[in-house]
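Engineer:
Numbering (this note's numbering), first residue to last: 8 to 285.
#1: Considering only their Cβ atoms, is the gap separating residue 50 from residue 99 smaller than 8 Å?
#2: Nearest-angstrom Cα distance between residue 43 and residue 126?
#3: Leaving aside the five residues before and after residue 132 along the sequence, list all residues of the same chain whose C-beta is less than 8 Å from its C-beta, in chain order.
#4: Spatial neighbours of residue 30 within its chain, please: CB distance less than 8 Å, with the 5 preceding and 5 following residues excluded, ordered by chain position.
#5: On the premise that residue 143 lies in contact with residue 190, defined as a C-beta separation below 8 Å, what is that separation, rounded to the nearest angstrom?
#6: Can you tell me the Cα-Cα spacing of residue 102 and residue 146, whole angstroms?
#7: Pick out whichever of 129, 96, 91 has its Cα sitting closest to the Cα of residue 68.
#8: Please state the DSSP three-state secondary structure of residue 205.
#9: Rounded C-beta distance between residue 158 and residue 26? I'm assuming under 8 Å.
#10: Cα separation between residue 20 and residue 80?
#11: Could you work out which residue in 216, 63, 240, 52 is closest to residue 36 when comparing CA atoms only?
#12: For residue 228, report the span of its beta strand (DSSP E) as first-last.
#13: Kindly indicate which three-state DSSP category residue 249 falls into: helix, strand or coil?
#14: Strictly under 8 Å for the Cβ-Cβ distance: is residue 79 near chain B by that measure?
#15: Could you give the residue range of the alpha helix (DSSP H) that holds residue 73?
#16: Which of helix, strand or coil does DSSP assign to residue 195?
#17: Does the Cβ-Cβ distance between residue 161 and residue 72 come in under 8 Å?
#18: Where residue 235 and residue 168 are concerned, what is the direct C-alpha to C-alpha distance, given to the nearest angstrom?
#19: Check each candidate in 165, 223, 204, 123 and name the one with the smallest Cα separation from residue 84.
#20: For residue 45 and residue 174, what's the separation of their Cα atoms in angstroms?
#21: Closest by CA to residue 260, which one among 212, 33, 228, 163?
#22: Could you check whether residue 32 and residue 58 sit closer than 8 Å to each other, using their CB atoms as the reference points?
#23: Could you spell out the range, first to last residue, of the alpha helix (DSSP H) harbouring residue 108?
#24: Under three-state DSSP, which class holds residue 278?
#25: Grab me the residues of residue 264's own chain with a C-beta within less than 7 Å of its C-beta, minus the 5 sequence neighbours each way, in chain order.
#26: How many Å lie between residue 106 and residue 129 at the Cα?
#27: With a threshold of 16 other CB atoms inside 10 Å of the CB of residue 78, please say whether the residue is buried or exposed.
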């Protein structure tokens, strides 16, 4: 259904503060996970698998670069910052494993094509390797956001500043920004109506429209996995650059004020019909 057309699926910004870099990284992991979920390999998919492998390898390097950015900004790391950087290292390690599995899948497809140029069957190992890659990066957005939260709060503790980026935003909008940063918000259309799907909490379509008007979120049409098997791809909701800045301001707040930040395991698509429009 979807295949990359470039060597890399995206570029990772590297000039923002560490906490914002990590939110950018979380968004790119969500994009990678979406692309891999929509991708259906064939006997001719060797180059496409190679592009996916190169993309997650790039994310591995971006994760490691964000660790260096933390060390460059703070030579001394306390326990909270060490925990944040260790989590990023774990993320980089898992991403490296995903790149390996995708490279193995590419090698299997390429080898089968060389052995039988007219063959159309896919080696059994390809789907297995792709599933392993998906599992290794499934929680990457949550891990990146958790590290960004620790860094943002420690930055605010060391250098207190007024959080003006969230001025004028209500609680529902702040919660929607947080869910979007986690890669948990998609929109689908049915019978000329829009429906919001969010894995945690309730996000209303009116809230998303308000955030779009304020320039804090955008949508990538038909880039997210379908709500049910055989359904159409959904629109992925993403943070804009200003949305990232506003979300970091939310993360910098004390735990009680910032809202829930617990990690959650992604649910598999179900065959249920879309819920009532919100």
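Glycine included, each C-beta is placed from N, C-alpha and C at the ideal position.
Everything numeric in this text was worked out from a predicted model, so none of it was measured.
Structural biologist: Short version:
#1: no
#2: 24 Å
#3: 111, 112, 115
#4: 151, 152, 155, 188, 246, 251, 254, 255
#5: Contact flag wrong, Cβ pair sits at about 15 Å.
#6: 11 Å
#7: 96
#8: strand
#9: 5 Å
#10: Reliability fails at residue 20, whose pLDDT of 47 lies under 50, so the model's placement of it is uncertain and no value is given.
#11: 63
#12: 224-231
#13: helix
#14: The structure shown contains no chain B, having only a single protein chain.
#15: 53-80
#16: strand
#17: no
#18: 45 Å
#19: 165
#20: 37 Å
#21: 163
#22: no
#23: 86-122
#24: With a pLDDT of only 36 at residue 278, under 50, the local geometry of the prediction cannot be trusted, and the value read off the model is given with reservation. Of the three classes helix, strand and coil, the one that applies to residue 278 here is coil, per DSSP.
#25: Residue confidence is low: residue 264 scores 48 on pLDDT, short of 50, so the model does not pin down where it sits. No coordinate-derived value is stated.
#26: 20 Å
#27: exposed
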